[in-house]
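UniProt numbering puts the first residue of the sequence shown at 1, with every later residue one more than the last. Yeah, the Cβ is synthetic: ideal placement off N, Cα and C, and Gly gets one too. Bear in mind that the values here come from a model prediction, so they are computed numbers and not experimental data.
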Amino acid sequence: MQSDITAPLIIENEFPDVEKAKGVDHISLNYLNGRTSFFKTTFNGLNALSGVGILSVPYALSSGGWLSLILLFILASATFYTGLLITKCMEIDPNIRTYPDIGDKAFGKTGRLIVSIFTNLELYLVATGFLILAGDNLHNLLLNLNIDIYGVSISGKQCFILLCALIVTPTVWINNMTTLSYVSATGVLASVVVLGSVLWSGISDVGFHHKGEILNWNGLPTSFSLYAFCYCAHPVLLVCFVFCTVTYTTMAILGYMMFGSELQSQITLNLPTDKLSSKMAIYTVLINPIAKYALMLKPIVDAIESLSFVVALSLPFFGVLMSLVGVFFSVTASILLPCVCYLKNSRTYRKPSFEAAGIVFVVLMGITIFVIGTYTSLLQIIQNI
Numbered sequence: 001m002q003s004d005i006t007a008p009l010i011i012e013n014e015f016p017d018v019e020k021a022k023g024v025d026h027i028s029l030n031y032l033n034g035r036t037s038f039f040k041t042t043f044n045g046l047n048a049l050s051g052v053g054i055l056s057v058p059y060a061l062s063s064g065g066w067l068s069l070i071l072l073f074i075l076a077s078a079t080f081y082t083g084l085l086i087t088k089c090m091e092i093d094p095n096i097r098t099y100p101d102i103g104d105k106a107f108g109k110t111g112r113l114i115v116s117i118f119t120n121l122e123l124y125l126v127a128t129g130f131l132i133l134a135g136d137n138l139h140n141l142l143l144n145l146n147i148d149i150y151g152v153s154i155s156g157k158q159c160f161i162l163l164c165a166l167i168v169t170p171t172v173w174i175n176n177m178t179t180l181s182y183v184s185a186t187g188v189l190a191s192v193v194v195l196g197s198v199l200w201s202g203i204s205d206v207g208f209h210h211k212g213e214i215l216n217w218n219g220l221p222t223s224f225s226l227y228a229f230c231y232c233a234h235p236v237l238l239v240c241f242v243f244c245t246v247t248y249t250t251m252a253i254l255g256y257m258m259f260g261s262e263l264q265s266q267i268t269l270n271l272p273t274d275k276l277s278s279k280m281a282i283y284t285v286l287i288n289p290i291a292k293y294a295l296m297l298k299p300i301v302d303a304i305e306s307l308s309f310v311v312a313l314s315l316p317f318f319g320v321l322m323s324l325v326g327v328f329f330s331v332t333a334s335i336l337l338p339c340v341c342y343l344k345n346s347r348t349y350r351k352p353s354f355e356a357a358g359i360v361f362v363v364l365m366g367i368t369i370f371v372i373g374t375y376t377s378l379l380q381i382i383q384n385i
């Protein structure tokens with residue numbers, strides 16, 4: 001087990017005999033085939049962190065005000081730290097190879113079950129969000145599209161969601177992580193292109209005229225939730241966190257200055273659809289579901305690959321869904337569980353120390369975000385249904 005935090009997070013070992021692969025989840029064996037490198041792992045890490053979150057951070061900033069950017073940096077630091085705790089947990093026992101293994105080491109089968117449930121549900125809902133994202137943006141460009149099939153009318157958004165589900169499904173059949181790393185590269189490039197397109201639109205068309213609010217207390221829970229969603233993945237590579245935090249911050253500032261309180265859950269929905277820069281941003285955004293869908297669903301592909309588009313059709317509220325994913329599943333999987341498992345595995349809780357105090361502080365912060373954000377997100381879902 002490599003102790004360097006820049007070591008590839010994708011395990012390089014192959015398991016020719018499944019029965020001998022002790023400690024490895026059956027859901028993980030699907031994607032532990034093939035080898036990868038630090039460079040390819042960096043692409044996978046950037047692809048996991050960057051993407052959909054970059055579209056929602058302007059809305060998060062408009063909800064909470066300028067000072068809510070502090071929350072973005074706090075959450076970035078917290079998730080990076082808990083990522084290091086996961087690394088330390090893996091160093092404690094060389095048999096630990098997956099996240100559920102960490103839960104099993106700490107709390108037995110119950111811990112494994114809890115970790116598996118939260119991580120898999122998080123990945124499932126994120127993948128569902130990709131389909132809603134694609135449907136929203138295509139519907140924004142082609143508002144009047146409706147299809148009638150044997151008397152059944154399918155609206156533009158629902159039609160696009162179904163179409164995108166059919167397009168991205170073949171990417172899930174890729175079992176080799178080396179191949180997926182090349183697919184990931186398109187997702188990273190897409191995020192950079194979207195940021196450049198929004199900047200282009202702001203300079204040439206929309207302008208930067210909105211000053212915004214310093215702080216909006218009522219919108220802070222939403223900001224917390226959406227910022228948490230931005231860091232729902234756990235690549236411990238420092239370059240991934242730095243790159244993504246810089247791009248998130250830049251996009252949030254640009255979007256807030258361009259549209260102020262009128263920002264929608266995805267900044268691409270605010271862009272004027274008749275401009276080249278806007279079309280470039282919107283069409284580039286559609287690359288993200290293709291590039292990221294397989295990476296998110298790989299651990300649970302056999303169970304849910306046919307169900308995510310059904311949920312996307314029944315709950316087409318991108319901002320609300322991502323807010324719930326961020327606060328309920330991402331905070332739990334990326335902040336609370338790593339801290340609790342590390343305290344148990346390392347036995348740090350048995351003696352007072354600065355490390356233990358810091359972990360307890362992160363846990364208390366996570367619980368606060370979890371309670372307030374979940375209540376706000378569920379309330380918004382009820383209001384939109």
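Member of the options whose CA lies at the smallest distance from the CA of residue i
i: residue 342; options: 96, 65 and 46; result: 96
i: residue 127; options: 244, 362, 161 and 76; result: 161
i: residue 99; options: 321, 252, 257 and 337; result: 337
i: residue 141; options: 212, 116 and 275; result: 275
i: residue 377; options: 52, 147, 204 and 218; result: 218
i: residue 332; options: 110, 148, 232 and 55; result: 232
i: residue 268; options: 189, 345 and 206; result: 206
i: residue 365; options: 346, 353, 383 and 339; result: 339
i: residue 135; options: 289, 187, 374 and 90; result: 289
i: residue 168; options: 363, 198 and 293; result: 293
i: residue 165; options: 147, 133 and 150; result: 133
i: residue 54; options: 208, 200 and 192; result: 192
i: residue 62; options: 374, 346, 264 and 375; result: 264
i: residue 188; options: 240, 201, 210 and 146; result: 240
i: residue 383; options: 321, 346 and 92; result: 321
i: residue 380; options: 323, 330 and 352; result: 323
Residues of its chain near residue i, where Cβ-Cβ distance is below 6 Å and the 5 sequence neighbours each way are ignored
i: residue 372; result: 221
i: residue 227; result: 60, 71, 72 and 75
i: residue 30; result: Its pLDDT being 39, under 50, residue 30 is placed unreliably in this model, and the coordinates cannot settle the point.
i: residue 112; result: 100, 103 and 104
Proximal residues to residue i (C-beta, below 8 Å), its chain only, five neighbours per side dropped
i: residue 215; result: 64, 65, 66, 67 and 68
i: residue 279; result: 141 and 273
i: residue 114; result: 103, 107 and 337
For residue j and residue i, believed in contact at Cβ under 8 Å, the rounded distance
i: residue 356; j: residue 245; result: Rounded, the Cβ-Cβ distance is 27 Å, inconsistent with contact.
i: residue 137; j: residue 325; result: No, residue 137 and residue 325 are not in contact; Cβ-Cβ is about 19 Å, not under 8 Å.
i: residue 198; j: residue 251; result: 7 Å
i: residue 254; j: residue 202; result: 6 Å
i: residue 346; j: residue 92; result: 7 Å
i: residue 190; j: residue 287; result: 4 Å
i: residue 78; j: residue 335; result: 6 Å
Nonlocal neighbours in the same chain, by C-beta distance under 7 Å from residue i, ignoring five residues either side
i: residue 20; result: Reliability fails at residue 20, whose pLDDT of 36 lies under 50, so the model's placement of it is uncertain and the value that follows must be treated cautiously. Within the same chain, residue 20 has no close Cβ partners at all.
i: residue 349; result: 343 and 356
i: residue 248; result: 53, 54, 57, 72 and 230
i: residue 327; result: 224, 225, 228, 369, 370, 373, 374 and 377
i: residue 122; result: 232, 325, 329, 330 and 333
Any non-hydrogen atom of the ligand HEM within 7 Å of residue i CB
i: residue 133; result: Among the components modelled here there is no ligand, and therefore nothing to report on the ligand HEM.
Any C-beta of chain B under 8 Å from that of residue i
i: residue 82; result: Within the model displayed, chain B is absent; a lone protein chain is all it includes.
Only counting runs of 4 or more residues, tell me where the alpha helix (DSSP H) segments fall wholly within the region 202-241, in order along the chain. 220-230, all fully within the region 202-241.
Residue ranges of each alpha helix (DSSP H) run of no fewer than 4 residues wholly in the region 80-152, ordered along the chain? Every unbroken stretch of the alpha helix (DSSP H) spanning 4 or more residues and falling wholly within the region 80-152 is given here in chain order: 99-141.
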